[in-house]
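Here's the structure, in structure tokens; my notes come after.
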Amino acid sequence: GMLAAIVPASPVPAQAPKPSGTITARMQGDWDTLDPQRTRATYGYQMVYALYDRLVSLDAGKIVPSLATSWEVGASEITLKIRPGVTCSDGSALTPSVIAASLERLGAPDTKSPYAYRTIGRAGYTVAGDDAAATVRLSLKAPNSDLLLSLAMPWASIICKAGLDNPDALATKTFGSGPFTLIDVKRGASYTLKARPDYAWGPNGTATATAGFRIRWCSASSTTRARRRTCC
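Per the numbering used here, the sequence shown starts with residue 13, numbered consecutively.
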């Protein structure tokens, strides 16, 4: 399978891999935690983008489908249609109810997510997943004009059930549905990621089996506006 070795060093653009090939990305430092809802470091975000999915994604400044195929947005609520057939790295199905549980953890006081407020605000919210209808509905108690955009941010990455059931393990292990899995860790030296051969639900339906598949290594800034993000 395709492997990705991530080496802390000077940043260089990730090279497009060949099918069953390798990809190396270089970073300037180590990550703080692999918990996508708790990391506050650029290097944590870079890892999260490779290991987890989000409901929507940014492509050349446009919001495009990812786990969600479509959505209806109001001033303080959004209903998203969830893509069928998505699986977590452990083989379990990523259902709307699991996605809703992940979004509930994002805003839970015990999570202490540093940037959750940029997605769900500070006034409170509710979220419900309907497995039969394949939808997730997120309702805020105060409007957020950046609600859809903020669901593309790294802290809004969706955690699978195994990770939600074992939150202490999220710091060093991964429980996502993303295109890569983490297979080797040498802290401060190198990280090896393996591409999932069956992954086919990336932004706009991109798949790891496609020649030249690549992810965008991104970091969200710590400014007051969630839309500031750099990618390479």
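Using N, Cα and C, we set each Cβ at its ideal position, and we do this for glycine too.
I'd like to confirm the pairing. Which residues does DSSP put opposite residue i in its beta bridges?
{"i": "T131", "result": "For T131, which the question treats as bridged, DSSP gives no partner whatsoever."}
{"i": "S151", "result": "E89 and T138"}
{"i": "I255", "result": "The requested residue 255 is not part of the displayed model; the chain covers only 13 to 244."}
{"i": "S69", "result": "V76"}
{"i": "T99", "result": "A105"}
Apart from the five residues just before and just after residue i, which ones in its own chain have a Cβ nearer than 7 angstroms to its Cβ?
{"i": "I94", "result": "L79, A80, P108, I111, A146, T147 and V148"}
{"i": "I75", "result": "V68, L160, L161 and A164"}
{"i": "A219", "result": "Y211, A212 and F225"}
Nearest to residue i by alpha carbon, out of the options?
{"i": "T47", "options": "K198, G73 and D180", "result": "The residue you asked about is not Thr; residue 47 is Asp in the sequence shown. That would be D180, whose Cα lies nearest to the Cα of D47."}
{"i": "G190", "options": "K74, R66 and A113", "result": "R66"}
{"i": "E116", "options": "A221, F225, K173 and G56", "result": "K173"}
{"i": "I135", "options": "P121, G214, L152 and D196", "result": "The residue you asked about is not Ile; residue 135 is Ala in the sequence shown. Checked all of P121, G214, L152 and D196; the closest Cα to A135 is L152."}
{"i": "F7", "options": "L106, P121, I171 and A207", "result": "Residue 7 lies beyond the stretch modelled for the chain, which goes from 13 to 244, so this question has no answer here."}
{"i": "V197", "options": "R208, T184 and A207", "result": "T184"}
{"i": "G97", "options": "A223, A221 and D210", "result": "D210"}
{"i": "L194", "options": "L118, E84 and S101", "result": "S101"}
{"i": "A212", "options": "T222, P155 and V85", "result": "T222"}
{"i": "N156", "options": "Y61, V85, G73 and V60", "result": "V85"}
{"i": "S88", "options": "A154, R208 and A201", "result": "A154"}
{"i": "V60", "options": "A219, A120 and L205", "result": "L205"}
{"i": "I90", "options": "L150, A219 and R208", "result": "L150"}
{"i": "T99", "options": "A201, S202 and F192", "result": "F192"}
What does a CB cutoff of less than 8 angstroms around residue i pick up in its chain, not counting 5 residues either side in sequence?
{"i": "R239", "result": "Caution is warranted here: a pLDDT of 36 is assigned to R239, below 50, making its placement in the model unreliable, and no coordinate value can be reported."}
{"i": "P77", "result": "V68, S69, R95, P215, N216 and G217"}
{"i": "R199", "result": "D42"}
{"i": "T236", "result": "Only weak support exists for where T236 lies, its pLDDT of 33 falling under 50; the value from the coordinates is given anyway. So the list is empty, once near-sequence residues are dropped."}
Whose C-beta lies closer than 6 angstroms to the C-beta of residue i among residues of the same chain, with five residues either side of it excluded?
{"i": "A113", "result": "L176"}
{"i": "T51", "result": "D44 and T45"}
{"i": "T131", "result": "S162 and A168"}
{"i": "Y64", "result": "P48, S169, G188 and G190"}
{"i": "S82", "result": "K93"}
{"i": "F225", "result": "none"}
{"i": "A120", "result": "none"}
Any Cβ of chain C within less than 8 angstroms of the Cβ of residue i?
{"i": "K185", "result": "No chain C appears in the structure shown, which is made up of a single protein chain."}
Between the stretch 120–134 and the stretch 161–170, are three or more C-beta pairs nearer than 8 angstroms?
yes
So, does the stretch 178–193 touch the stretch 136–144, judging by three or more C-beta pairs under 8 angstroms?
no
Complete runs of the beta strand (DSSP E) confined to the stretch 146–207 [at least 3 residues]:
147–152, 192–198 and 202–207
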